[in-house]
Each structure stands twice: as C-alpha cells, then as structure tokens.
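Heads up, the thing below is written out as structure tokens.
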Amino acid sequence: MIPDDEVLFESVPELGERLRDGEFTSYELTLAYIDRLIRVGPTLNAVQQITWDRALEAAQRADRELAEGTDRGPLHGIPYGLKDLIAFEGYKTTWGANPYREQEFDYDATIVERLNEAGAVPIAKLANVELAGGMGYSPETMTFTGKGHNPWAPDDEDAWSGGSSSGSGQAPAAGLVGFAIGTETWGSIFSPSINNGLTGLRPTYGVVSRYGVMALSYTMDKIGPMCRSAEGAQAVFDAISGPDPNDHTVSDRLELLEELSLSDPPQLAVLDADPDDENFRQSLDTLEEFAEIEVIELPDLPAATAAATILFAEAGSIFNDLIASGDVQTLTDPEGSIGGYAYETILAKDYITALRIRKQVQEAIDEALEPYDALVTDGRPISGVTNLCGLPGITMPNGFRDNGVPTSLVFTGRAFDDNKLFELAQEYQSRTNHIDYTEIMNRLGADSFDRELEAS
1 MIPDDEVLFE
11 SVPELGERLR
21 DGEFTSYELT
31 LAYIDRLIRV
41 GPTLNAVQQI
51 TWDRALEAAQ
61 RADRELAEGT
71 DRGPLHGIPY
81 GLKDLIAFEG
91 YKTTWGANPY
101 REQEFDYDAT
111 IVERLNEAGA
121 VPIAKLANVE
131 LAGGMGYSPE
141 TMTFTGKGHN
151 PWAPDDEDAW
161 SGGSSSGSGQ
171 APAAGLVGFA
181 IGTETWGSIF
191 SPSINNGLTG
201 LRPTYGVVSR
211 YGVMALSYTM
221 DKIGPMCRSA
231 EGAQAVFDAI
241 SGPDPNDHTV
251 SDRLELLEEL
261 SLSDPPQLAV
271 LDADPDDENF
281 RQSLDTLEEF
291 AEIEVIELPD
301 LPAATAAATI
311 LFAEAGSIFN
321 DLIASGDVQT
331 LTDPEGSIGG
341 YAYETILAKD
351 YITALRIRKQ
361 VQEAIDEALE
371 PYDALVTDGR
381 PISGVTNLCG
391 LPGITMPNGF
401 RDNGVPTSLV
411 FTGRAFDDNK
421 LFELAQEYQS
431 RTNHIDYTEI
441 MNRLGADSFD
451 RELEAS
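Start counting the sequence shown at 1; every next residue gets the next number (the UniProt record's numbering).
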C-alpha cells in the first residue's frame, strides 16, 4: 500500500523501521514521495527535476536486496533529494543558473556514489540559488526556478526558504523527501535549515568529499545532511563522510571523528542572548538538565572581512571564464549579473593577507572553545568566523516566530567535533518536541493521489 502523506514527514529511522516491518516497500514509498514532489514542489519552487528512472531503479534494487536479506544500513530504501550543484549522471545539473541550464555530467559525484552504496534512493534534484549565491542575489530573483517559499508560511512574502540550499531546506520540511543534501560556503546549510525547521549539519571542512560538486570557494565549501532529526542526520553523515582519492582537500585526520568524545557532564559555552528570545531561554533551561553552561565572549577578530576576501578571490578564479565572456550577465538576479566583476579587483596580496588572518582566527577560536564541548547560540549568524575556520555546526528547531516560521538552536564545535555535536543534538531532541512537520501537510496542495494504486 502507498503510505499516507503523514508518513512522509517521519524521520529517517522511523521510515526505515516501517520498511523493515513490511508496512510498505521502498518502491511504494518512492512513488508517494514523487507524487508529493509533483503536487507540492511547484508551490514552493523547491524542485529542479524529478529523477524518475534512477529513483525507481534504486527503489526496486533496495526492495530486492531487503527481500534477499541484504540490509545496507539505516538509509537503505530511503528516498532523498540533492542540491542541484551535485553531478548526477543521466540528468541535468544546472547549478541553478541560466548559463548552465543544459549542463550534464557523465559521472556521479562521490557523495552520490556513497549514498548509492548505502542503499538510498535519489528522487530529485532540488532547487538552489544560482551558483550558490556566489555572484550575489536577493530572494525574489535568486534563480530561474523562482523565489523559494517557506512551507511554514507559504503565503507570507516576507518569509522565504533561506539559501543557497533552498530546495534542500524546503523538501524535507514539506515532506517531499526523506532527507536532503545541501552545501555551505557561508550559511547555505544553516540558513535554510533554520528557516525550515530542520536539523542541518555543516561538517568540519575536509570531512566530506566535494568531488563532482560545483566549487564556489576551494577552501570553504562543505557538504552536509539536512534532515528532520539529528539521528537521521548522523546516519547520512556516517554514509557520506570519509576519504576520497578524487578529492585532495579531504583531511588526513579523519580518525579524530571517532576519537573525540563528550565530557561528563557536557561542558557548553554560550554567547549573551537576546533577553527577549523566549525560545532560546527555554532551550538553555533544557540544556541545563544534562550539561554545564558558561557564558563567554569570542575574540573580536576580522573574521568576516577575511572570509569575504577569500570567497571573492576564489569565486572570481573559479568563474573567470563566465565573467570574462560576459555570460555572467545572463544570470537571473540583477546583482548576480554584475557582482562577479568586482571579484576581479581582489589583489593577490589581499588574498594572502586574508589567508594569514584565517590562521590567526583559527588559533584564537580554537583556544577559546578548547574547554568546551560546544558553543551554543541562537539562530543569529556567526557564519563568517565558523566558515572561515572550517568548524562543524548543527541546527535544531526550538520553536516558532510570530509569523509561524521556525527558530533554531545552534551548536558549534571545534574541528572534527561533528559526532560530539550529534550526541548533544540527540540528547536535546530527546527532551523536547518543538516541531510537528505534519502541521504543514494540508497547507501545500490537496491530497489527490490514489492510495490503492498497485505498486509493481
């Protein structure tokens, strides 16, 4: 039987349990998600394309293997979506930008190969801000697929999906996929995870291979999971992280992921919060049930300026041909169509200076966070310093704003603290119930699918 829409909002572990209990097959689950992608995706501008052939083939393989006793792990048979920066053989990879609308690759990115090995089912390329926002953009003209609407407030023009991983934030929240993959250079996993109420991990730089993924910044790009629970996000992270001979930026210190462990009790640092932020205060109360918390201040360093200089210099190099040819002017966003020209003014000496500043900032932040398991903040951005330093972070929903859009709690760790962050996030989520994704189920399109359809 094709599962009801309500089931499509469950977490990765919950979906996996139902699959193994025989409530439905991966093929039936895939059909249900594809139907919802068709019905709901266009109302949000969340979907670039549905990957029909490969989705159905992967789902049938997953069912066949489970029937034969082969279980590839927690992602086996779970449908997912990819940000449309990620190479996926047989389908266009547009990078969300007009100059690349017909672009195809004859291979899969490493992250796709890893998810294939884990038994996951790729069902969609998800919309994103053109060129990951690297040329500049505004929400209204962010890409040729249109503004990303927030599924929690789809009729509120002041609310949006966040970016640049817009579709990767919308799709899990709206029950269009089991989980999604996003990328971050400067807030592009965090922004849509926060706005859509997801658990999103920005991993330590160099932990997940970027081979086959559009580059925006050679030294700041990262790839991570965007899910409806921390447990699900960790299952995805476990599948996609690891060494890759095709990507020389992958760290040779990956063993630290397993060697680092939480203190007992966990030691948390917190920045001064907005006294009117009731959701954050309640989150701190929950954290104090199992952790010790100390208020700190971070060193005042020119992190954002250094990060911007590095990003602009590297993006200018990566997209030099696009800028020099004038094709940059065909981008959808007016700011993006001219933004790249400014990158050509970055001097080599300024880039080198920014790299030196980054080293100083990394050392200062590492020293400040050394006594703690994580830094706790609300959704206010500290993306400049954390992305400059390549630090891991995880977002979790912790309530709602007055307009119905979610708010978030954020944990940031030192390099390779990714698994510590998952442990903290799971402990926090085990004590809270801030979000019910099914609340948006009936806001985004009538349920017209024939649930009695025979799946074969």
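Where a beta carbon is used, it is the ideal one built from N, C-alpha and C, also for glycine. All values reported here derive from a predicted model rather than from experimental measurement.
From this set, the options, which residue's C-alpha is nearest residue i's C-alpha?
i	options	result
R36	L176, Y205, G339	L176
residue 460	P406, E278, V236, D436	This structure cannot speak to residue 460, because the chain is shown only from 1 to 456.
L388	Y437, T185, P225	T185
H434	S229, R380, L355	S229
P406	G413, D417, T412, G379	G379
V328	F9, E68, F24, G133	G133
R101	D108, A127, Y107, A109	A127
D124	E335, G178, A425	It should be noted that the sequence gives Ala, not Asp, for residue 124. Minimum Cα distance to A124 is reached at G178.
residue 517	E335, G339, P334	This structure cannot settle anything about residue 517, because the visible part of the chain is limited to 1 through 456.
A307	G404, V385, Q103	V385
residue 458	I2, D417, G399, M396	Because the chain spans 1 through 456 in this model, residue 458 falls outside it and cannot be assessed.
A304	Y341, A354, S337, E314	A354
G162	F144, L85, I194, Y91	I194
W160	P192, S261, T145	P192
A342	S408, T309, I357	T309
Distance, Cα to Cα, residue i vs residue j?
i	j	result
L453	E423	The predicted position of L453 is uncertain, since its pLDDT is 34 and thus under 50; no value can be drawn from it.
F449	Y33	With a pLDDT of 37 at F449, under the threshold of 50, the predicted position of this residue should be treated as unreliable, though the coordinate-derived value follows. Rounded to the nearest angstrom, the two C-alpha atoms are 11 Å apart.
D71	P245	27 Å
L198	K349	40 Å
D447	G41	Residue placement at D447 is poorly supported in this model, since its pLDDT is 45, which falls under 50; the coordinates are not used for a value here.
residue 457	D238	As displayed, the chain neither begins before 1 nor continues past 456, which places residue 457 out of reach and without an answer.
I243	D156	First, the residue type needs correcting, since residue 243 is Pro and not Ile in the sequence shown. Cα to Cα, P243 sits roughly 43 Å from D156.
G326	F319	11 Å
A455	Q60	Because the pLDDT at A455 is just 35, under 50, the model does not fix this residue reliably, and the value given afterwards should be weighed accordingly. So the two alpha carbons sit approximately 11 Å from each other.
A46	V7	20 Å
L287	T204	23 Å
V207	V250	6 Å
I223	I181	7 Å
E367	A291	21 Å
D333	F190	22 Å
E289	A58	43 Å
Y211	D276	44 Å
S337	P99	11 Å
S430	G148	31 Å
T330	F9	38 Å
T395	I38	28 Å
R451	S26	Legend: pLDDT at R451 = 32, less than 50; position of this residue unreliable, value from coordinates given subsequently. Cα to Cα, the separation comes out at about 15 Å.
A174	R356	43 Å
Which partner residues does residue i have in the DSSP bridge list?
i	result
V12	In DSSP, V12 forms no bridge with anything.
A180	G81, M226
R202	G393
E104	K92
S241	V208
L31	DSSP, once it has assigned bridges, lists no residue as partnering L31.
For residue i, verify whether its CB is less than 7 Å away from any heavy atom of the ligand SAH.
i	result
D300	Absence of the ligand SAH is noted for the structure shown, with no ligands found whatsoever.
Suppose only complete runs of 3+ residues qualify. What are the beta strand (DSSP E) ranges in the region 346 to 422, listed by chain order?
Complete beta strand (DSSP E) runs here, min 3: 374 to 377, 393 to 400, 406 to 412.
At a cut of 8 Å, does the region 7 to 16 reach the region 135 to 147 through at least three beta carbon pairs?
Contact fails: fewer than three Cβ-Cβ distances are below 8 Å.
Only counting runs of 4 or more residues, tell me where the alpha helix (DSSP H) segments fall wholly within the region 244 to 274, in order along the chain.
Runs of the alpha helix (DSSP H) spanning 4 or more residues and lying entirely within the region 244 to 274 occur at 256 to 259, in chain order.
Report yes or no: do three or more beta-carbon pairs, one from the region 79 to 86 and one from the region 114 to 132, lie closer than 8 Å?
A contact exists between the region 79 to 86 and the region 114 to 132.
Which ranges does the alpha helix (DSSP H) cover as unbroken runs of at least 4 residues, wholly within the region 283 to 321, from first to last along the chain?
Restricting attention to alpha helix (DSSP H) runs no shorter than 4 residues, the region 283 to 321 encloses them at 303 to 318, ordered along the chain.
Kindly confirm or deny that the region 357 to 374 and the region 159 to 171 touch, where touching means at least three C-beta pairs closer than 8 Å.
Counting Cβ pairs under 8 Å, fewer than three are found: no touch.
Is it the case that the region 246 to 257 contacts the region 271 to 288, given that we only count it when at least three CB pairs across the two stretches are under 8 Å?
No: fewer than three Cβ pairs fall under 8 Å.
Hey, which unbroken runs of the beta strand (DSSP E) at 3 residues or more fall wholly within the region 125 to 203?
Fully enclosed beta strand (DSSP E) runs of 3 or longer: 179 to 184, 199 to 202.
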